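Residue numbers (our numbering), protein chains in the order written: chain R, 289 to 389; chain G, 289 to 389; chain W, 289 to 389; chain H, 289 to 389; chain P, 289 to 389; chain S, 289 to 389; chain E, 289 to 389. Step one of this worksheet: look at the structure below.
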Amino acid sequence: MAKGIRLLVLDVLKPHQPMVTELALGLSELDGVDGVNITLVEIDKETENVKITMAGDNLDYDEIVRTIEEFGGVVHSIDMVAAGRKIVEEGETPQDKLEEY
Amino acid sequence: MAKGIRLLVLDVLKPHQPMVTELALGLSELDGVDGVNITLVEIDKETENVKITMAGDNLDYDEIVRTIEEFGGVVHSIDMVAAGRKIVEEGETPQDKLEEY
Amino acid sequence: MAKGIRLLVLDVLKPHQPMVTELALGLSELDGVDGVNITLVEIDKETENVKITMAGDNLDYDEIVRTIEEFGGVVHSIDMVAAGRKIVEEGETPQDKLEEY
Amino acid sequence: MAKGIRLLVLDVLKPHQPMVTELALGLSELDGVDGVNITLVEIDKETENVKITMAGDNLDYDEIVRTIEEFGGVVHSIDMVAAGRKIVEEGETPQDKLEEY
Amino acid sequence: MAKGIRLLVLDVLKPHQPMVTELALGLSELDGVDGVNITLVEIDKETENVKITMAGDNLDYDEIVRTIEEFGGVVHSIDMVAAGRKIVEEGETPQDKLEEY
Amino acid sequence: MAKGIRLLVLDVLKPHQPMVTELALGLSELDGVDGVNITLVEIDKETENVKITMAGDNLDYDEIVRTIEEFGGVVHSIDMVAAGRKIVEEGETPQDKLEEY
Amino acid sequence: MAKGIRLLVLDVLKPHQPMVTELALGLSELDGVDGVNITLVEIDKETENVKITMAGDNLDYDEIVRTIEEFGGVVHSIDMVAAGRKIVEEGETPQDKLEEY
């Protein structure tokens, strides 16, 4: 039965090389990983800020960080994590709108 | 048959350590919990404001608060709770738009 | 066959204690109730404004109001009600946008 | 086979009493009605403006208006009507955006 | 097999009488019509601007216009038409946003 | 197996006559076409700007352009094209929002 | 079992000729490609900025870039990439809204 960490959304800063295609392939081969999505958030002359979303079963956060660092990246923050038998989405409430301002 | 508290959305302030991955794992192991989602709302130098969404069957609010406190967090408010045989979503009405302003 | 009142969305003012988790549990145990959702709309020093959504079959409005009052709350308005064999949603029309302004 | 009027959205002004729960129950018992939804649009000291959505088969508009009037309400406009074998939704087109301004 | 015109969205100006419920019933009885939706866009002292959406198989545009005129209405524009074996929706592209301004 | 061009969104300028209903029927009868949608984007005294969406299998772009021209229209741009075994939608990324401004 | 790169969203600058229909067909014939979507983002006198979305199994990034270049295009950035057994979508978090400003 699926368990442990099931979903991770990471805010990562990385150099342009190695490319996100290589980083995505590298992360997709780790234990328990079902899939990896990397989207470009902002691009600068030497670096790019990307959002990495990973889904799977019993994801190993330390190994994921280590792999990102091997590709030259740094994890700035964990923007979302889901754990448990079921992947639960963030519940939307009227409080969210207040926090935006 | 499922009953009691089925869904909780909590506004929580916590120190950076222990990390949200550890808190999510800790909460996912409590009785009745199907899944836990933690999203980062705001990050400061020493603390982070997170939204914790928990789904399950017969969730034990007091035990959940105790666990969050063991990880150094404080529950600021209960932003949503659902109870009963079925998980009912918040009904959207024309009054919501008025309350936003 | 399901009938009577099937869905209610209530605008309620309540003191902080008893908590919304207790109120949700109390309402979820009434006759005909399938599920209860309580979301926090606004929080003040002594009171909180919540939106209560209840779904079920043949909901008893008077008993629901009585229960909310036993928990110290006051119903300000009925923001939505659905009745009948099927739960019908609010129909959206071009007139809604005009009414927003 | 279903036919005639299948869906009605009415803009109605009514006094606070009888309550929308009673009006919804009254309308839900008319011939051909599958379900009724009443949402509060605006509330004044003595009246409330509500939107009534009714779905069913071969709905009798005159009887519906008569019932609303028995509950003290007045129909201001028919904001939407659907008729026929299938309930067709309003088609969205680029022209809608122009009409908003 | 379904063919010909399958969906029509018409911008129509009509007097208040006959009512939209009568016009919807009249249009729903034409050959090939599965369903009719009429929404109120704007209401004036003597006229109302409505959007008529019709779905079906091999819809006869000329007969539809004739029927609308028999009910006192005038077709201002065809805002959408779909034809063929499958009802195809309008494809959304980045160009739509540019055209809005 | 489906292949070739599967979806086309065209920005077209045309005179008011022949009408969009006739153009939609004309395009729906071409080889490989499953369905055609024409929406009105802007209307002027002598011309109208329409968006034509066509779905099918192995669509023949040149024949489609020729048919549009026979109806008096001119293709201004190809706003979207999809090709291959599966119809792939446009992927939404954080970069889209930047490009809007 | 599906693996490798599964989804690519590319920001590409290309001359008007060859047309996007030809580029879409060319890309759709590469190994592992299930489907290609090209949308027009911006059009200038001599060039057009397009977004290319490709879905498939074990997509070959280098071959895709080579093909785009054979059609006269240049890849400006990889806006999204998904890899692994399952195609994972970008996770939406409250941090996205902050980054927009």
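Glycine included, C-beta positions come from ideal geometry on N, C-alpha and C. All figures in this text were calculated on a predicted structure; none of them were measured in a lab.
For residue 362 of chain E, the CB contacts under 6 Å within the same chain, skipping 5 residues up- and downstream, are 301 in chain order. The CB of residue 381 of chain S comes closer than 7 Å to the CB of 297, 367, 368 in chain E, given here in chain order.
For chain H, the residues of the segment 320-341 of chain S that bring a beta carbon within less than 9 Å of one of its beta carbons are 327, 328, 329, 330, 331, 339, in chain order. Using a 10 angstroms sphere on the CB of residue 339 of chain G, the tally of other CB atoms reaches 16 or more, which defines it as buried. Residue pairing by DSSP puts residue 366 of chain P in a beta bridge opposite P/298. Around the CB of residue 305 of chain P, fewer than 16 other CB atoms lie within 10 Å, so the residue is classed as exposed. In the three-state reduction of the DSSP assignment, residue 317 of chain E falls in the coil class. As the crow flies, the alpha-carbon of residue 381 of chain G is around 22 Å from that of residue 330 of chain P.
Contact check for residue 292 of chain W and residue 321 of chain H: beta-carbon distance about 13 Å, past the 8 Å limit, so the pair fails to qualify. Proximity of chain E to residue 313 of chain R at the Cβ level (cut-off 8 Å) is accounted for by 292, 293, 371, in chain order. For residue 328 of chain G and residue 313 of chain R, the gap between their C-alpha atoms comes out near 26 Å. Residue 336 of chain S: member of the beta strand (DSSP E) spanning 335-344, first to last residue.
The C-beta of residue 378 of chain P has 16 or more other C-beta atoms within 10 Å across all chains shown, which makes the residue buried. For residue 378 of chain R, no alpha helix (DSSP H) run applies, since DSSP gives it neither H nor E.
For a cut-off of 8 Å, the C-beta gap from residue 325 of chain W to residue 376 of chain G is around 4 Å, short enough to register as a contact.
With its beta carbon at least 8 Å from every one in chain W, residue 356 of chain G lies outside the interface. In chain order, 359 place their CB closer than 6 Å to the CB of residue 311 of chain E, counting only its own chain and leaving out the 5 sequence neighbours on each side. Chain P has a Cβ within less than 8 Å of the Cβ of residue 308 of chain S. With a 10 Å radius around the Cβ and a threshold of 16 neighbouring Cβ atoms, residue 336 of chain R comes out buried.
Pairing residue 367 of chain P with residue 348 of chain P gives a Cβ-Cβ distance that is not under 8 Å. Taking the CA atoms as reference points, residue 355 of chain W sits about 26 Å from residue 364 of chain G. The beta carbon of residue 302 of chain E sits no closer than 8 Å to any beta carbon of chain R.
Taking residue 307 of chain S as reference, the option from S/334, S/346, S/369 with the minimal CA-CA separation is S/334. When the beta-carbon positions are compared, residue 298 of chain S and residue 370 of chain S stay at least 8 Å from each other.
The bridge partners DSSP lists for residue 328 of chain R are R/338. Looking at the DSSP output, residue 371 of chain E shares a beta bridge with R/324, E/293. Rounded to the nearest whole angstrom, the CA to CA distance from residue 353 of chain P to residue 315 of chain H is 34 Å. Secondary structure at residue 306 of chain W: coil, using DSSP grouped into helix, strand and coil. Counting only the Cα atoms, residue 309 of chain R lies some 13 Å from residue 351 of chain E. DSSP places residue 350 of chain E in the uninterrupted alpha helix (DSSP H) bounded by 349-358. Out of H/303, H/374, H/385, H/345, the CA that lies nearest to the CA of residue 332 of chain H is found in H/303.
Chain-order list of chain R residues neighbouring residue 377 of chain E: 325, 341, by C-beta distance under 8 Å. Taking C-beta atoms under 8 Å as the contact rule, residue 343 of chain E and residue 374 of chain S qualify, at a distance of about 7 Å.
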